[in-house]
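Worksheet for the structure shown next.
Numbering (my numbering), first residue to last: 343 to 586.
Written as structure tokens, this is what we have:
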């Protein structure tokens, strides 16, 4: 990674750290809690930001634990909405105003289409309108001169797509994650499904709008970003056996 990219990454991390600080400040004030767990529970109950996602963000940006992953765009958007902004892009533009935006044209050799993006500076293209959680394509190790690979949720599984492609206005296009791409699928289950191996769950679930959904791997719900939960005998009895 070049010095310029290192500087961009450091600045990006600083901006996320300020976002997390404001999230914690609001949670402290409104929840009357005094611990990370209390704030996380309050945030999950009052926003689209999940408890585990918040605690990972807290550990990385408040406690300085760099082993925790950098949050995806959906999580940054959810955190921004929690403190009163419409998106992370709006938070970024209002809290960290830079010089007058200049226009960067990305030619057909990159996107296959003529795309024009407003940018704060050389690499801060912040392609939020296209669903890519970057403040510079190099931040994810993507060359502006190669076709990048991202993915989006297509009904029951993730599918590869070029990062600049617009699938649907509501489609979340994210940097590719080979594990999720290969293993995370929405599945149908029955009383004959194998839910455990060696006593450990191999199916996960989440209740969405009153309907329970089942998935083949651990992770986050591909639409709302909430943490999937490991299946339990109680869930199997209540939602599968009882409805047989």
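In this text, a Cβ means the ideal position worked out from N, Cα and C, and glycines have one as well.
Computed from a predicted structure; not experimentally measured.
- In terms of Cα proximity to residue 417, the closest of 569, 530, 506 and 546 is 569.
- When beta bridges are read from the DSSP output, residue 492 appears opposite 503 and 517.
- Per DSSP, residue 564 has no beta-bridge partner at all.
- Taking residue 355 as reference, the option from 505, 438, 526 and 497 with the minimal CA-CA separation is 438.
- Rounded to the nearest angstrom, the gap between the Cα atoms of residue 406 and residue 358 is 12 angstroms.
- Contact annotation, residue 390 with residue 567: C-beta distance approximately 6 angstroms; criterion of less than 8 angstroms satisfied.
- For residue 541 and residue 576, the gap between their C-alpha atoms comes out near 15 angstroms.
- In this structure, DSSP gives residue 524 a helical state, which the three-state scheme calls helix.
- For residue 556, same chain residues with a beta-carbon under 6 angstroms away, outside a window of 5 residues either side, are 529, 531, 545 and 547 in chain order.
- Cβ-Cβ distances below 7 angstroms link residue 420 to 389, 390, 391 and 567 in the same chain, with the five nearest sequence neighbours on each side left out; the list follows chain order.
- Apart from the 5 residues on each side of it in sequence, residue 403 sits with its Cβ closer than 7 angstroms to the Cβ of 358, 359 and 362 in its chain, given in chain order.
- Inter-residue distance for residue 423 and residue 571 is about 24 angstroms (C-alpha atoms, whole angstroms).
- Per DSSP, reduced to three states, the secondary structure at residue 572 is strand.
- Rounded to whole angstroms, the separation of the alpha carbons of residue 565 and residue 522 is 14 angstroms.
- Counting of Cβ neighbours within 10 angstroms places residue 536 among the exposed residues, the total staying below 16.
- Taking the Cα positions, residue 398 is about 6 angstroms away from residue 410.
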